[in-house]
Amino acid sequence: MSTSRHVIAEKKRNRSSWLLSLPTVIWLTIFFLIPYLVVIIYSFLTPDTYDVKFEVSFDAYRQIISGGYLKSFFQSFKLASITTLLCILLGFPVAYYIARANEKLKNILLIFIIIPFWTNLIIRIFSWRIFLSYSGVMNQMLMGAGLISQPLEILRTNTAVVLVMVYVYLPYMILPLYSVLEKLDFTLLQAAMDLGANEVKSFFKITLPLSVEGIFAGTLLVFIPALGAYLIPQLVGNQKSLYVGQIITYKIKNIPRNWPMASALSLTLLLLVALMLLIMYGMYRYHKNRRKY
Amino acid sequence: MADIILQNVSKDFGSFRAVDGVNLTINSGELFSFLGPSGCGKTTLLRMIAGFEIPSDGSIMLGQTEITDQAPYKREVNTIFQNYSLFPHMNLYDNVAFGLRVKKVAKAEIRDRVHEMLKLVKMEDQAQKFPNQISGGQKQRIAIARALINKPRVLLLDEPLAALDLKLRQHMLIELMNIHDAVGITFIYVTHDQSEAMSISDRLAVMNKGRIVQSGPPDDIYERPASIFSAYFIGDTNMIRGEVTAVHEDYLELNCPDGEGNYFDIDSCFQDAPEVGEHIMLSLRPEKIAISRKKPKEQDDINFVKGQIEDILYLGTHTQYIVRVGQLKFRVFSQHKRVYFDDEAPDWEEEVWLFWHDSDTWQIDFKESDILEAEELDEVSGMRRYLKRGKS
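Residue numbers (the working numbering), protein chains in the order written: chain F, 189 to 481; chain S, 2 to 393.
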């Protein structure tokens, strides 16, 4: 009898939890599931000058599989990888320094990290354009200091893209790294030193392994958006080598339009991201299982 | 042979002087304790020996070598940290092996020595566990194994038992002593717990305000405290202040005010002969005082004074009485069934006689400033009020 009462209570609870998640379910259905279904359907249609013909076609996928856009995908992967790596290398010391600072300085520094978010991304990228341009602030300063005799042509190069990418995504790496380093027990480093490890060894044996979770989280936040980068390459990069994000936009913007191709490329990118997530999750699980803390 | 020599060691943090001119020699193989209230500088002193703090002044020698400015990882000294600081991402085996791996010792040797260490601390069957899977006492053992595997000359222990419960603490204390006997190296132990320090140490140093107040074997410090601070910090005590009225060959007579205008006379043995008319301070341990309803038989070397019971605390192993004699409050520890002459223990508000032997009191050097310190240390008895009034 008590069991049946228990089952009824369980059912009731299930029903109410369903009810509570209903708004989220509706929201996701309208703004996520349905649009994606449209994209999936479009990717299997035939392109027309402006719109699509409702005839099933696998052309878009055939082109992708035959390697037509391999260079762009590679390009995007390279950009995302370099950006992530530089963000880790630059973000780690910053996060470490903030985590070890006293309470007052800590808060001030964290505000400095967050302040850029208050300005619109496009405005920030445009300021970089002005800063990096041929007769811009940077070149004038470097020439004024006598470091260079001729203005550097950084704008409209891949270097500029990486530079601005790192600038934009660095906070996304610093914040998760900070949150693990802040919880790191620094007496562990003293213990390591006490046992004979110098500063370098203590870092690689203690600090780094204990901040892996932060590196994972930061990589997730930087690598995935960087893979689909459009805005930054478009505004500070050149048009010689296009990133996947740019190609997808051109397929829709330029006439004759190719909606199916754009859709198929988007879905391929999504698939790659999902694959990346799965690989990272697997790595994380492996790491967790190996070290049961 | 001396293992650690501290010469005039001081440490300033900004304008705060944490350690103030400490001179000390710790012998090889000794179990030495630093004992003092929090903020007395004992941990700072330990951290300077470990190398985590550099002294502002003075020098530290490890055997024949000066290590004052040496990096922690170069010293033949290892530390047991207060919260053990085991590496959470390594299993117990890897934790213990850490020191040897860093020194690039051969794999086979590491394996042998880790097993030997795990065996010493009775953890050999748990090597594959992680620090969060074991209890506090076990963490403690691993921390000891991890430090001792490096064969340090000196092992530093920073309040190692503070995080454990009472029973485990007592158990680990014995275990620590056994390990000390087994490895035979110098242990330097820091604690604020006087019973821990007393039971474990060969010698100990009582610290206060960055200075060593007194150092020596535990029984010596307990029986013969050098200052009011030592007397109050190591155990409990009663302070009696009085004017010397006569000095005999092996004892002196003292006239003591009770703070309410009355006086009582006692005799006491003494160390450095005071002069008649001088005011001296005596320490009288609570367990040395006997308590009784009836007046004891007059005897030459027995002192007695009449008082009224103000408080009774039953503490299991003994009962603590607070007995008021005028303004003066005596703290008395009495074992049960050892109440003299009476069958029943005295009750609240009853009039009782306190008595003790001439040799139970110990004369203490004191400065007026020490009395303020006593005030901080002893909240229970009204001793400080009495001591202050005794001045006039």
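We treat Cβ as the ideally placed atom computed from N, Cα and C, and that holds for glycine.
Nearest neighbour of residue i, chosen from the options [CA to CA]
i, options, result
"F391 of chain F", "F:L376, F:F404, F:E401 and F:I403", "F:L376"
"E125 of chain S", "S:V115, S:R204 and S:T26", "S:V115"
"G15 of chain S", "S:E31, S:R204 and S:P56", "S:P56"
"Y190 of chain S", "S:S202, S:I180, S:E244 and S:A183", "S:S202"
"N24 of chain S", "S:S231, S:V207 and S:T320", "S:V207"
"I235 of chain S", "S:A51, S:P287 and S:V155", "S:P287"
"S215 of chain S", "S:N263, S:P258, S:D13 and S:D366", "It is worth fixing the name first, because residue 215 of chain S is Gln in this sequence and not Ser. Closest option to Q215 of chain S, Cα to Cα, is S:D366."
"K476 of chain F", "S:G260, S:Q65 and S:H90", "S:H90"
"Y284 of chain F", "F:W447, F:M471 and F:P364", "F:P364"
"L358 of chain F", "F:C275, F:I318 and F:L423", "F:C275"
"S315 of chain F", "F:S399, F:V356, F:V368 and F:A405", "F:V356"
"V106 of chain S", "S:R48, S:D237, S:I150 and S:T44", "S:I150"
"H193 of chain S", "S:F305, S:L355 and S:F35", "S:F35"
"V353 of chain S", "S:N92, S:H319 and S:P297", "S:P297"
Inter-residue Cα distance where the pair is residue i and residue j
i, j, result
"I412 of chain F", "Q251 of chain F", "24 Å"
"Q378 of chain F", "G100 of chain S", "13 Å"
"L267 of chain F", "L415 of chain F", "7 Å"
"V326 of chain S", "F265 of chain S", "10 Å"
"Q195 of chain S", "P218 of chain S", "13 Å"
"Y223 of chain S", "L372 of chain F", "42 Å"
"N1 of chain S", "K210 of chain S", "In the structure as shown, chain S begins at 2 and stops at 393. Residue 1 of chain S is therefore absent and cannot be evaluated."
"L316 of chain S", "P397 of chain F", "50 Å"
"D359 of chain S", "G137 of chain S", "47 Å"
"A348 of chain F", "V240 of chain F", "37 Å"
"A144 of chain S", "R212 of chain S", "29 Å"
"H194 of chain F", "F219 of chain F", "38 Å"
"F262 of chain F", "Y431 of chain F", "9 Å"
"I303 of chain S", "W357 of chain S", "6 Å"
"F242 of chain F", "D236 of chain F", "10 Å"
"K108 of chain S", "N79 of chain S", "22 Å"
"L309 of chain F", "I50 of chain S", "53 Å"
"V424 of chain F", "I313 of chain F", "8 Å"
"L119 of chain S", "R147 of chain S", "9 Å"
"I81 of chain S", "R201 of chain F", "51 Å"
Counted within 10 angstroms of its Cβ, other Cβ atoms place residue i as buried (16 or more) or exposed
i, result
"R288 of chain F", "exposed"
"F331 of chain S", "buried"
"Y233 of chain S", "buried"
"E31 of chain S", "buried"
"D113 of chain S", "exposed"
"E474 of chain F", "The residue asked about is misnamed: residue 474 of chain F is Tyr in this sequence, not Glu. Exposed, because fewer than 16 other Cβ atoms sit within 10 Å of the Cβ of Y474 of chain F."
"M199 of chain S", "buried"
"N239 of chain S", "buried"
"R242 of chain S", "buried"
"G37 of chain S", "buried"
"N295 of chain F", "exposed"
"F271 of chain S", "buried"
"D166 of chain S", "exposed"
"I290 of chain S", "buried"
"V388 of chain F", "exposed"
"I214 of chain F", "exposed"
Neighbourhood of residue i by C-beta, 6 Å cutoff - its chain only, sequence neighbours within 5 removed
i, result
"R102 of chain S", "none"
"S323 of chain F", "none"
"R142 of chain S", "V122 and M124"
"E254 of chain S", "T246, A247 and D268"
"E244 of chain S", "N256 and H280"
"T362 of chain S", "S269, L283 and L285"
Other residues of its chain near residue i: CB distance less than 7 Å, five sequence neighbours each side excluded
i, result
"R170 of chain S", "L162"
"L298 of chain F", "I286"
"S231 of chain F", "A248, P448, S451, A452 and L455"
"G42 of chain S", "A19, V20, M208 and G211"
Chain-order list of residues whose beta-carbon lies under 8 Å from that of residue i (same chain, five-residue window excluded)
i, result
"L340 of chain F", "M326, N327 and L330"
"I111 of chain S", "A98, L101 and R102"
"L174 of chain S", "L162, E197, S200 and I201"
"G279 of chain F", "L358, M361, I362, L365 and G406"
"N133 of chain S", "P89"
"V350 of chain F", "L267, I270, T271 and L274"
Quiz item: Going along the chain, which residues of the segment 381 to 398 of chain F sit with their C-beta nearer than 9 Å to a C-beta in chain S?
Solution: M381, D382, L383, G384, A385, N386, E387, K389, S390, K393, I394, P397 and L398
Quiz item: Just by C-beta distance, which residues in the segment 352 to 384 of chain F are closer than 8 Å to chain S?
Solution: D373, T375, L376, Q378, A379, A380, M381, D382, L383 and G384
Quiz item: Mind listing which residues of the segment 55 to 88 of chain S have their C-beta closer than 9 Å to chain F's C-betas, in chain order?
Solution: A72, P73, Y74, K75, R76, V78, N79, T80, F82, Q83, N84, Y85, S86, L87 and F88
Exercise. May I ask you to list, following chain order, the residues of the segment 143 to 164 of chain S that have a beta carbon less than 8 Å from some beta carbon of chain F?
Key: R147, A148 and N151
Quiz prompt | Contact residues within the segment 97 to 108 of chain S, judged by C-beta distance below 7 Å to chain F | solution = F99, G100, V103 and K104
Quiz item: Taking Cβ-Cβ distances below 7 Å as the criterion, which residues of the segment 27 to 51 of chain S are in contact with chain F?
Solution: A51
Practice problem: Compile a chain-ordered list of the residues in the segment 296 to 329 of chain S whose CB is closer than 9 Å to at least one CB of chain F. | Solution: none
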